[in-house]
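Read in the UniProt record's numbering, the sequence shown has 22 at position 22, and its numbers run on one by one without any break. For each residue, glycine too, the CB sits at the ideal point set by N, CA and C.
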Amino acid sequence: NEGFTHRTPEWNPYLGNDYVAKIQKMFPERVIGLATINPWHQAPKNYVFPLSKRGQSFNAVTASPTLDEVERCIVDLGLWGLKMHPLEHGYAVNNADLIHPIMDRLTELQEKVNRKLIVVVHAMGDTIFNSPEAVADIAKFYPDLLFLMVHCGFVWGYGTVARVVGPCENVMFDLTTCAQKSVVLEAYEKYGVQRFTAGSDGPFASPSVKMAIVEDVANSEDEKELILGGNLARYLGIPKIK
1 NEGFTHRTPE
11 WNPYLGNDYV
21 AKIQKMFPER
31 VIGLATINPW
41 HQAPKNYVFP
51 LSKRGQSFNA
61 VTASPTLDEV
71 ERCIVDLGLW
81 GLKMHPLEHG
91 YAVNNADLIH
101 PIMDRLTELQ
111 EKVNRKLIVV
121 VHAMGDTIFN
131 SPEAVADIAK
141 FYPDLLFLMV
151 HCGFVWGYGT
161 VARVVGPCEN
171 VMFDLTTCAQ
181 KSVVLEAYEK
191 YGVQRFTAGS
201 DGPFASPSVK
211 MAIVEDVANS
221 EDEKELILGG
231 NLARYLGIPK
241 IK
């Protein structure tokens, strides 16, 4: 999850996505890059107020640079999916009109490039835009895509992570900066270590802070290895770095 001090939540392919692709190319055995896009940069399906009924004309958006950028990042840059940040870009991750076209395109691209793609979602639950319920809601429409629910709802995920997200088999519980064991314990016991991942969440705080929840949840060294890359490597069909 993230991991670089170069942080570009704004939609800018040349500062963000090209930068990540460059790092991935430099270290192909160690880096799996994800694209960041702003879902608002696409044409709406319908305009509520027709041009003829407005006091003055305006330039209606007819292109969808968001979708073009998704394709460029996957096909041309070789990135492995999307990092969605509903809080930064101000959208609900389960907004069908806004997000479904992006997921539709990603599903098509997954078949086109013939490799697994992932959707990493900032799901701290710090707004209703990225709650566990919202993640589950979008994931159920796209069973062929893997969603990583990063932060597992933080403290706000308590009581909903296992019950709401658990039945969605294409969602993995990501422990990165998760608040405490009680938030994910039920899900861990019910669905097993195979559904869990964890990341560094860099550059926020020390990696040792993020390791605490992994140490607290895992029951063995083997389980820790699965959480810290093993599960995701197996899904993507790549070797896990020792």
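Residue i in three-state terms, based on DSSP
{"i": "residue 116", "result": "coil"}
{"i": "residue 103", "result": "helix"}
{"i": "residue 148", "result": "strand"}
{"i": "residue 217", "result": "helix"}
{"i": "residue 172", "result": "strand"}
{"i": "residue 157", "result": "helix"}
{"i": "residue 31", "result": "coil"}
{"i": "residue 226", "result": "helix"}
{"i": "residue 75", "result": "helix"}
{"i": "residue 26", "result": "helix"}
{"i": "residue 66", "result": "helix"}
{"i": "residue 164", "result": "helix"}
{"i": "residue 85", "result": "coil"}
{"i": "residue 121", "result": "strand"}
{"i": "residue 202", "result": "strand"}
{"i": "residue 196", "result": "strand"}
{"i": "residue 240", "result": "coil"}
{"i": "residue 182", "result": "helix"}
{"i": "residue 37", "result": "coil"}
Nearest-angstrom Cα separation, counted from residue j out to residue i
{"i": "residue 216", "j": "residue 206", "result": "17 Å"}
{"i": "residue 143", "j": "residue 100", "result": "13 Å"}
{"i": "residue 239", "j": "residue 125", "result": "32 Å"}
{"i": "residue 220", "j": "residue 170", "result": "24 Å"}
{"i": "residue 25", "j": "residue 79", "result": "10 Å"}
{"i": "residue 29", "j": "residue 105", "result": "27 Å"}
{"i": "residue 225", "j": "residue 186", "result": "20 Å"}
{"i": "residue 201", "j": "residue 174", "result": "11 Å"}
{"i": "residue 204", "j": "residue 95", "result": "28 Å"}
Cβ pair residue i, residue j closer than 8 Å
{"i": "residue 70", "j": "residue 112", "result": "no"}
{"i": "residue 159", "j": "residue 190", "result": "no"}
{"i": "residue 145", "j": "residue 172", "result": "no"}
{"i": "residue 38", "j": "residue 89", "result": "yes"}
{"i": "residue 133", "j": "residue 164", "result": "yes"}
Own chain partners of residue i with C-beta closer than 7 Å, once the 5 adjacent residues on each side are dropped
{"i": "residue 178", "result": "151, 152, 154, 184 and 213"}
{"i": "residue 232", "result": "197"}
{"i": "residue 140", "result": "168"}
Cβ-based neighbour list, residue i, same chain, cut-off 6 Å, excluding 5 preceding and 5 following
{"i": "residue 83", "result": "34, 36 and 120"}
{"i": "residue 236", "result": "116"}
{"i": "residue 77", "result": "21"}
{"i": "residue 65", "result": "41"}
{"i": "residue 110", "result": "117"}
Among the options, nearest to residue i - alpha-carbon criterion
{"i": "residue 180", "options": "66, 193 and 209", "result": "209"}
{"i": "residue 68", "options": "186, 138 and 108", "result": "108"}
{"i": "residue 148", "options": "156, 136 and 27", "result": "136"}
{"i": "residue 93", "options": "110, 114, 130 and 73", "result": "130"}
{"i": "residue 192", "options": "138, 227 and 91", "result": "227"}
{"i": "residue 127", "options": "114, 91 and 17", "result": "91"}
{"i": "residue 86", "options": "195, 138 and 114", "result": "138"}
{"i": "residue 194", "options": "27, 72 and 218", "result": "218"}
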